[in-house]
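Asker: This is the structure, below, for whatever I ask next.
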Amino acid sequence: MDDTYEGFVASRAQSLLRYGYVLSGNPHDAADLVQDALIKLRGAWPRVINKRDPEGYVRTTMARQHISLWRRTRRETLTDLVPEGSYTDPVPSDDLLWRALAELPRRQRAVLVLRYYEVLSDEEIAAQLGISRGTVRSQASRALEKLRRTWSPAVMEGSTR
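Per full-length UniProt numbering, residue 1 is the first one in the sequence shown, and the count goes up by one each step.
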């Protein structure tokens with residue numbers, strides 16, 4: 001192993017570039033990852049060389065940079081189109097399901113609606129209803145068992161079931 005920064009870069013640059021390509025899937029982004037990681041390595045060289053693992057440092061830095069970039073860019077997409085003005089739920093395709101839900105006790109129905117329609121966790125449901133997490137789970141289990149006994153999905157026209 002070369003103990004100089006320049007020697008390390010000269011000997012490991014191609015390997016790091018391949019690693020960057022595997023991370024990003026793009027040669028240009030790979031080169032950016034390598035360049036940014038090597039800049040950070042230069043500033044930390046005395047500390048990193050004492051631990052005898054500069055390549056591990058660079059690879060970890062590259063992976064973290066790639067994840068950070070991915071998190072920043074996946075959150076929003078710019079568009080010049082204005083979003084639609086309103087939304088209405090589609091008419092339920094199976095009235096029997098809604099009738100079966102209406103026949104459930106209030107707490108069981110509330111737990112199912114919060115879990116599957118509002119997509120809340122058991123902890124959030126418990127907090128909202130003022131009950132324990134175990135009660136949420138038992139009420140959901142009982143409600144689903146009742147639904148399984150009283151309702152079966154409507155078969156779509158033309159489907160084989």
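Idealized CB from N, CA, C, for every residue including glycine.
Which class does D3 belong to by DSSP, given the choice of helix, strand or coil?
Answerer: The residue given as residue 3 occupies position 3 in the sequence shown. If DSSP states are grouped into helix, strand and coil, D3 belongs with coil.
Asker: At the level of alpha carbons, what is the spacing between Y57 and A10?
Answerer: In the sequence shown, counting from the first residue as 1, residue 57 sits at position 57. In the sequence shown, counting from the first residue as 1, residue 10 sits at position 10. Spanning the two alpha carbons is a distance of roughly 16 angstroms.
Asker: Enumerate in chain order the residues of its own chain whose CB-to-CB distance from L33 is below 8 angstroms, with the five nearest sequence positions on each side excluded.
Answerer: Counted from its first residue, the sequence shown places residue 33 at position 33. So the qualifying residues of the chain are G20, L23, S24, M62, Q65, H66.
Asker: With 16 other CB atoms within 10 Å as the buried threshold, where does L16 fall?
Answerer: On the sequence shown, position 16 is the one that residue 16 refers to. It counts as buried.
Asker: Which residue marks the beginning of the alpha helix (DSSP H) containing D122, and which one marks its end?
Answerer: Looking up residue 122 in the sequence shown gives position 122. Start and end: 122 to 129.
Asker: Have a look at A140, D3, A44 and flag the residue whose alpha-carbon is nearest the alpha-carbon of residue 162.
Answerer: This structure leaves residue 162 out entirely; the chain is present only between 1 and 161.
Asker: Alpha carbon to alpha carbon, how far is G130 from R115? Give it in angstroms, no decimals.
Answerer: Numbered from its first residue, the sequence shown carries residue 115 at position 115. Numbered from its first residue, the sequence shown carries residue 130 at position 130. Between R115 and G130, the C-alpha separation is close to 15 angstroms.
Asker: Take D53 and list the residues in its own chain whose beta-carbon comes closer than 6 angstroms to its own, dropping the five residues that flank it on each side.
Answerer: Within the sequence shown, residue 53 is the residue found at index 53, counting from 1. Excluding positions up to five away in sequence, the list is empty.
Asker: List the endpoints of the continuous alpha helix (DSSP H) containing G134.
Answerer: Taking the first residue of the sequence shown as position 1, residue 134 is located at position 134. Looking at the DSSP string, the run of the alpha helix (DSSP H) that includes G134 is 133 to 150.
Asker: So, under 8 angstroms CB-CB, V136 and A126 are touching, yes? Tell me the CB distance rounded to an integer number of Å.
Answerer: Residue 136 sits at position 136 when you count from the first residue of the sequence shown. Residue 126 sits at position 126 when you count from the first residue of the sequence shown. At roughly 5 angstroms, the Cβ-Cβ gap stays under 8 angstroms, so V136 and A126 are in contact.
Asker: Taking the alpha carbon of E55 as the point to measure from, which residue in G7, S121, L120 has its own alpha carbon closest?
Answerer: Sequence index remark: in the sequence shown, residue 55 carries index 55 (1-based). Checking every option, the nearest Cα to that of E55 belongs to G7.
Asker: Where does the unbroken alpha helix (DSSP H) through residue 178 begin, and where does it stop?
Answerer: Past the edges of the chain, shown from 1 to 161, lies residue 178, and the structure says nothing about it.
Asker: Could you spell out the range, first to last residue, of the alpha helix (DSSP H) harbouring V113?
Answerer: Taking the sequence shown and counting its residues from 1, the one referred to as residue 113 is at position 113. Unbroken run through V113: none, as it is neither H nor E.
Asker: How is the alpha helix (DSSP H) around L96 delimited, first residue to last?
Answerer: As a working mapping, residue 96 is identified with position 96 in the sequence shown. Unbroken alpha helix (DSSP H) run through L96: 95 to 103.
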